[in-house]
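First comes the structure, then the notes that go with it.
Numbering (this note's numbering), first residue to last: 11 to 86.
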């Protein structure tokens, strides 16, 4: 059997519709804090922010050294 090897660069981005569904399902409270564990293009950051969550309650982790426009929506 042949073993599959992933490509050297394999980026998979969260669809905006999925990010919005996650945020809607979880809901938000004034004291909730959000963690975006893999920022990428920032679909989850955008969905959280769109609900009115303040930037100070959103933390994003990203391995990419280059910034994306949605990085401004949280502390990345």
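Glycine included, every Cβ here is placed at the ideal spot set by N, Cα and C.
- Following the DSSP letters along the chain, one finds residue 54 inside the alpha helix (DSSP H) bounded by residues 53-60.
- Taking all protein chains shown into account, residue 76 has fewer than 16 neighbouring C-beta atoms within 10 Å of its C-beta and is therefore exposed.
- Non-local beta-carbon contacts of residue 45 in its own chain, meaning distances under 6 Å to residues more than five positions away in sequence, involve 69 in chain order.
- Short of 8 Å from the beta carbon of residue 57, and not among the five residues preceding or following it, lie these beta carbons of its own chain, in chain order: 26, 29, 30, 32 and 33.
- A distance below 8 Å between beta-carbons, with the five flanking residues on each side excluded, links residue 62 to the following residues of its chain, in chain order: 38.
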